[in-house]
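Some notes on the structure that comes next.
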Amino acid sequence: MKIEIITPDKSIYSGEIRSVRVPGRKGSFQVLKDHAPIISTLEAGVVIIADEQGSEVKFDITGGVIEVKKNRIILLADSAVQS
Amino acid sequence: MANLKAIRVRLSSVKSTRQITSAMKMVAAAKLRKAQDAIVQLRPYAGKLNEIQAGLSAALRDTEFENIYAERKNSKGKVLVVVITSNRGLCGAFNANVIRAVRRLMADKYLEQMQRGDLWFMPVGKKGHDVLRKLKCNILEDHSDLYSGLSFERVAKVADRLTELFLTGEYDTIEIVYNQFKNAAVQRLAEELYLPVSVADTGIKGAVSTDYIYEPDQVSIVSELIPKTLRIKLYKALLDSFAAEHGARMTAMHQATDNATDLIRDLTLQYNKARQAAITNQLLEVVGGAEALNG
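Heads up: the protein sequence lines correspond to chains E and D, in order. So the first sequence is residues 18 to 100, counted in this note's numbering. So the second sequence is residues 5 to 299, counted in this note's numbering.
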């Protein structure tokens, strides 16, 4: 599945991934392949991506929104820094 | 015929002016490219955010969702206008256009508020600030420093302040006046209503809504998204104005360079004519003098 992490200043990350863990408003959750469509607001926290090779990429975000639809994930972050 | 020295001095002054204007044109072109990139970068974020919000708003239209950002029924009618201009001049009619629009608002649309003293301004950009001060308008805050390092975080703070001013009931209408960037040569003046926002209006017609799981729930997501879209709206207006400013300056400086080139051509012609006339005069004097001796 594909993910795109976008901030107002630029596109931070995009590519094929295995899973992503995000800090949702109602608690942290993980999105795997064929996840049901979801829209959730995000709190400040860490976004953990496991890419195709299985290695982890982490981003600190200050808040945002995530939309998951048909194995396409779009994460709109207020600001994001790789950590 | 003007004297040689005067023309020579003038010529060298015009030449150095041309050098300055053509350098400024180059600088503006480089800055324009950067500003344009920033707009392009913002587009995907803004587009997606609006899409999500539109989908949600459509779903909420028939529910009893209380929208605190909507128009208030018993409003006192206090108006705030955000006037976006540039900090520097030499950009053609860029600032004059905004100021003309502001004057029109004062004399026409918001005449009533103006007479009551309920029309306030928040200038972004020194040029607009100076004019408003001269006109003795009510100025709330000046945010001209936003341009030094235009970043989303700093614009977001101002946007949040505007939202706060609206929510506390301080102002009932907030408008933005700025130059929209069309292309390097064309700017379009825009007067946009910033607040109130009506949720129903933002919905794109025929937006197909998938059955999403909403977390935490639709109402809280929309309430969280509206301030975000407002921040983006202000940020976009500023980026637009910033790019438009450099576009306008580039065009203005290009014209100035062309004019200087024309002037230099005319002056060179004049200079050569004057020089030739002087030589002819001297020759005549020599010949006349020799003739007188012979005679």
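Beta carbons: idealized from backbone N, C-alpha and C, even for Gly.
Rounding to the nearest angstrom, what Cα-Cα distance links residue i and residue j in this structure?
i, j, result
"Arg-107(D)", "Asp-176(D)", "20 Å"
"Lys-19(E)", "Ser-100(E)", "21 Å"
"Ile-90(E)", "Glu-84(E)", "6 Å"
"Ile-178(D)", "Ser-72(E)", "48 Å"
"Met-28(D)", "Ser-90(D)", "16 Å"
"Met-254(D)", "Lys-38(D)", "14 Å"
"Gln-117(D)", "Gly-81(D)", "7 Å"
"Tyr-216(D)", "Arg-158(D)", "33 Å"
"Gly-104(E)", "Lys-232(D)", "Since the displayed chain E opens at 18 and closes at 100, residue 104(E) lies outside it and no answer follows."
"Leu-46(D)", "Gly-93(D)", "27 Å"
"Arg-2(D)", "Asp-270(D)", "The structure shown does not extend to residue 2(D), since chain D spans only 5 to 299, so no value can be given for it."
"Ala-97(E)", "Phe-125(D)", "34 Å"
"Asp-95(E)", "Thr-24(E)", "6 Å"
"Gln-286(D)", "Ala-247(D)", "58 Å"
"Phe-156(D)", "Leu-139(D)", "31 Å"
"Ala-260(D)", "Thr-25(D)", "7 Å"
"Leu-53(D)", "Leu-229(D)", "8 Å"
"Gly-153(D)", "Ser-227(D)", "30 Å"
"Val-63(E)", "Lys-43(E)", "15 Å"
"Leu-297(D)", "Ala-264(D)", "49 Å"
"Arg-12(D)", "Tyr-275(D)", "7 Å"
"Leu-150(D)", "Ala-53(E)", "42 Å"
"Phe-98(D)", "His-258(D)", "15 Å"
"Arg-76(D)", "Lys-87(E)", "40 Å"
"Thr-172(D)", "Pro-200(D)", "13 Å"
"Val-83(D)", "Asp-122(D)", "6 Å"
Which residues in the same chain as residue i place their Cβ atom closer than 7 Å to its Cβ, once the five residues preceding and following it in sequence are excluded?
i, result
"Arg-279(D)", "Leu-8"
"Lys-19(D)", "Ile-268"
"Cys-95(D)", "Glu-249, Ala-252, Arg-253, Ala-256"
"Lys-237(D)", "Tyr-198"
"Arg-14(D)", "Leu-271"
"Ala-42(D)", "Leu-243"
"Tyr-218(D)", "Ile-225"
Looking at the secondary structure, which residues open and close the alpha helix (DSSP H) in which residue i lies?
i, result
"Arg-108(D)", "98-108"
"Val-135(D)", "130-138"
"Glu-116(D)", "115-120"
Which same chain residues, not among the five before or five after residue i, have their C-beta less than 6 Å away from its C-beta?
i, result
"Ile-34(E)", "Ile-20, Ile-66, Asp-68"
"Glu-196(D)", "Ile-180"
"Gln-184(D)", "Arg-192, Ala-194, Asp-244"
"Gly-207(D)", "Bear in mind that a pLDDT of 48 at Gly-207(D), under 50, signals an unreliable position, so the model cannot answer this."
"Ala-160(D)", "Arg-235"
"Phe-69(D)", "Val-223"
"Glu-2(D)", "It is not possible to answer for residue 2(D), since the shown part of chain D is limited to 5 through 299."
With burial defined as no fewer than 16 other Cβ atoms inside 10 Å of the residue's Cβ, what is the status of residue i: buried or exposed?
i, result
"Gln-101(E)", "What is shown of chain E runs 18 to 100, which leaves residue 101(E) out entirely."
"Leu-49(E)", "exposed"
"Gly-210(D)", "Bear in mind that the predicted position of Gly-210(D) carries a pLDDT of just 48, short of 50, making it unreliable; the figure below should be weighed with that in mind. It is exposed - the Cβ of Gly-210(D) has fewer than 16 other Cβ atoms within 10 Å."
"Arg-137(D)", "exposed"
"Ala-189(D)", "exposed"
"Leu-288(D)", "exposed"
"Ser-57(E)", "buried"
"Gly-41(E)", "buried"
"Lys-277(D)", "exposed"
"Lys-240(D)", "buried"
"Thr-284(D)", "exposed"
State the start and end residues of the unbroken beta strand (DSSP E) segment that holds residue i.
i, result
"Arg-89(E)", "89-94"
"Gln-47(E)", "44-48"
"Pro-54(E)", "Looking at the DSSP string, Pro-54(E) is not in any beta strand (DSSP E), and its letter there is neither H nor E."
"Ser-31(E)", "28-41"
"Asp-68(E)", "62-68"
"Gly-81(E)", "81-86"
"Ala-111(D)", "Where Ala-111(D) is concerned, there is no enclosing beta strand (DSSP E), given that its DSSP letter is neither H nor E."
"Leu-144(D)", "Looking at the DSSP string, Leu-144(D) is not in any beta strand (DSSP E), and its letter there is neither H nor E."
"Glu-19(E)", "Checking the sequence shown, residue 19(E) turns out to be Lys, not Glu. Start and end: 19-23."
"Lys-75(E)", "73-78"
"Leu-84(D)", "83-88"
Report all residues from its chain with a CB closer than 8 Å to the CB of residue i; omit the five preceding and five following residues, and keep chain order.
i, result
"Ser-148(D)", "Asn-91, Pro-127, Val-128, Gly-129, Lys-130, His-133"
"Ala-105(D)", "Val-181, Leu-193, Glu-195"
"Ile-29(E)", "Ile-22, Ile-23, Phe-76, Ala-94, Ala-97, Gln-99"
"Leu-36(D)", "Ala-188, Ala-247, His-250, Gly-251, Met-254"
"Leu-164(D)", "Residue 164(D) is actually Asp in this sequence, not Leu. Only Pro-231, Arg-235 meet the Cβ criterion."
"Lys-102(D)", "It is worth fixing the name first, because residue 102(D) is Val in this sequence and not Lys. For Val-102(D), where only same-chain residues beyond five positions count, the Cβ hits under 8 Å are Val-87, Ile-88, Thr-89, Gly-132, Val-181, Tyr-182, Asn-183, Leu-193."
Fully enclosed by the region 42-74 of chain D, which beta strand (DSSP E) runs are 3 residues long or longer? none
Could you tell me which uninterrupted beta strand (DSSP E) segments, each at least 3 residues in length, are contained entirely in the region 168-240 of chain D, listed from first to last along the chain? 177-187, 190-199, 217-219
Of all the alpha helix (DSSP H) runs that stay within the bounds of the region 235-290 of chain D, which reach a length of 4 or more residues? You should have found no qualifying run.
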